[in-house]
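Single-structure report; data block below.
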Amino acid sequence: VSCRQLKDKDFFSKSDPMCVLFMRECDSDNWRELGRTETVDNCLNPDFVTKFLVDYYFEERQQLLFKVYDIDSPSIDLQNHDFLGQASCTLGELVAYQGTQVKYQLSGLPGNCGTILLTVEEVLDCKRVIDMQWYAQKLDKKDWFGKSDPFLEFYRISEDNSYTAVFRTEVVKKSLNPTWRPFAIQMRQLSGGDEDRTIRVVCYDWDFDGGVSRSHDLIGEFYTNVRTLAEGPGPANEYELINKKKQAKKKKYKNSGVVKLMSFGIREEATFLDYIRGGLQMHFTVAVDFTASNGDPRDPASLHFLDSSQPNAYMMAIQAVGEVVQDYDYDKMFPALGFGARLPPDGTVSHEFFLNGHPTDPYCVGIEGVLEAYRRTLRSVQLYGPTNFAPVINHVAKFARTYRDGTSYFVLLIITDGVISDMPQTLEAIVQASTLPMSIIIVGVGNADFSAMETLDGDVVRVSSRGRAAERDIVQFVPFRKFLQGGPWQSNQMRLAREVLAEIPDQVTSYMLKNHVKPGPGPQGAS
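Quick note on numbering: full-length UniProt numbering labels position 487 of the sequence shown as 487, and the sequence is numbered without any gaps.
Next comes the structure, spelled out in structure tokens:
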């Protein structure tokens with residue numbers, strides 16, 4: 001952190017500045033202090049030596065506030081010092097900036113407050129990738145007519161002590177003693193780069209009855225951390241699976257099986273941030289379901305109903321994903337598509353039309369522009385059907401096909417309320433897109449049966465079409481009802497973004513590594 005041309009608050013000498021960094025707490029207006037620099041005496045152009053260490057999560061909009069003070073006494077209370085100015089930004093803006101230093105104007109006082117210069121470097125630990133494999137013994141039998149179909153799900157603990165799912169193994173069918181395939185995950189993704197941060201591991205019996213993870217039967221869970229895992233296979237990494245409900249009911253309950261570490265290793269490879277700093281642009285496209293099953297937009301029960309007091313589920317999904325991704329898109333121009341509606345003037349049914357009403361240009365200015373185009377479209381089209389995904393997937397794939405060199409990556413958000421009508425064509429489109437720099441997020445709104453959508457999410461079984469499997473798992477499906485847990489809608493929106501975007505960095509790097517694309521050189525002098 002450096003500052004230039006700060007205000008001079010001292011009469012007989014120059015100011016003695018110090019910079020304080022705050023981060024906005026999740027879904028609140030509270031700002032938590034992350035750290036302070038040293039004080040630089042008698043200087044209006046300080047270059048602070050102290051660095052701020054901040055955990056970076058692509059899936060969160062991490063808002064930062066830098067405040068500069070003139071330090072006049074040993075007091076640690078900031079109210080006892082003169083305020084010199086402040087600047088705010090997101091961590092995403094800083095890491096995506098294509099230059100050596102980001103420059104912001106300080107504000108908060110009359111007149112010119114000077115500027116603050118920020119340089120961002122990735123800590124070397126964030127480049128570490130963990131390779132590991134697990135097996136289990138004597139799992140509880142959950143199915144009445146056969147053995148369990150177990151899989152493991154790994155969760156990272158967040159700053160607010162909530163858990164975010166970061167990896168799911170494949171399902172091993174009909175086994176109480178499964179061995180799962182080896183897998184790799186970035187340490188940043190698993191534990192925020194912190195070897196001592198708690199990792200939660202849950203073992204489920206896969207149950208295909210609704211497409212929501214909580215519909216799977218819980219076998220048991222355990223907790224660990226990277227430091228313990230690094231000890232490798234052995235007694236330290238043999239974990240009893242505990243089902244707390246069973247434990248509370250049965251006095252003689254011991255466990256629901258044992259999960260053991262089979263192999264563990266740590267290596268270094270190029271990270272998502274290496275590609276972002278090397279010039280990678282993220283392109284975000286939204287596709288909205290305008291089929292009749294959503295209900296008449298004038299009806300308050302409709303999923304498309306426009307309520308002045310809060311956004312509907314479609315708008316929340318657009319904001320949740322768009323507000324995070326926009327920091328990585330240099331021109332903030334977003335294509336917005338619709339499908340399943342009859343268009344004016346002649347009522348032609350379309351499964352690939354532009355929300356802004358333009359015949360050839362789908363781009364909207366900023367996320368607010370996308371929302372305005374969505375609201376305008378609702379007033380001009382007739383909801384119809386059927387629910388076809390393939391046209392919008394192929395629309396984005398057409399652009400992704402021209403950018404295989406690592407300079408661009410495309411994220412398509414599809415928001416839908418119902419059962420897909422063109423499953424064979426959609427499976428084919430996904431298999432084709434899996435070879436491209438592209439990811440697909442599907443958010444299901446409403447209370448429909450979304451079990452078919454689980455087929456598209458390759459976490460359980462890799463998507464295939466006409467005998468050909470997808471090269472990569474590029475689809476993430478979540479039902480929005482999973483996040484409607486009461487509380488302010490902003491909290492639901494934040495939880496949705498966290499879940500649907502958590503896999504994107506690994507999907508980006510998996511494409512780059514599979515296609516031997518190295519990060520660009522990055523800004524001169526930047527790390």
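Even glycine gets a Cβ: it sits at the ideal position worked out from N, Cα and C. In this text, all values refer to a predicted model and were calculated from it rather than measured experimentally.
- When the beta-carbon positions are compared, S434 and R466 stay at least 9 angstroms from each other.
- In this structure, L64 places its C-beta atom within 9 angstroms of the C-beta atom of L91.
- Counting only the Cα atoms, F339 lies some 10 angstroms from I415.
- The DSSP-derived three-state label of F52 is coil.
- Around the C-beta of K142, 16 or more other C-beta atoms lie within 10 Å, and the residue is accordingly described as buried.
- Restricting attention to H351, N394, P362, A397, the CA atom closest to the CA of P386 is found in H351.
- Among the bridge pairs identified by DSSP, G85 is matched with V68.
- A Cβ-Cβ distance of about 4 angstroms is found for the pair F290 and A341, placing them in contact under the 8 angstroms criterion.
- Secondary structure at K147: coil, using DSSP grouped into helix, strand and coil.
- By the beta-carbon neighbour count (other beta carbons within 10 angstroms, threshold 16), H516 is exposed.
- Note that the C-beta distance between M423 and A452 is below 9 angstroms.
- For V172 and D205, the gap between their C-alpha atoms comes out near 9 angstroms.
- Looking at the DSSP output, Y253 shares a beta bridge with no other residue.
- Closest by C-alpha distance to F22, out of G257, D77, L6, Q86, is Q86.
- Residue pairing by DSSP leaves H216 without any beta bridge partner.
- For R36, there is no enclosing alpha helix (DSSP H); the residue is part of the beta strand (DSSP E) that begins and ends at 31-36.
- In the DSSP assignment, A301 falls outside any beta strand (DSSP E), carrying neither H nor E.
- Sequence-distant partners of P345 (beyond 5 residues in either direction) whose C-beta falls short of 8 angstroms from its own C-beta are missing from its chain.
- The stretch 166-183 makes no contact with the stretch 237-244; the number of CB pairs closer than 8 angstroms stays below 3.
- Counting only residues of its own chain and dropping the five nearest sequence neighbours on each side, A469 has a CB closer than 8 angstroms to the CB of V431, R462, V463.
- Close CB contacts of T509 within its chain, under the 6 angstroms cut and outside five residues either way in sequence, are with F272 (chain order).
- Apart from sequence neighbours up to five positions away, the residues of its chain that approach D299 with a beta-carbon distance below 8 angstroms are F305, ordered along the chain.
- The shortest C-alpha to C-alpha distance from K482 to any of Y403, A317, Y135 is the one to A317.
- With 16 or more other Cβ atoms inside 10 Å of its own Cβ, K7 counts as buried.
- Collapsing the DSSP output to three states places L94 in a helix.
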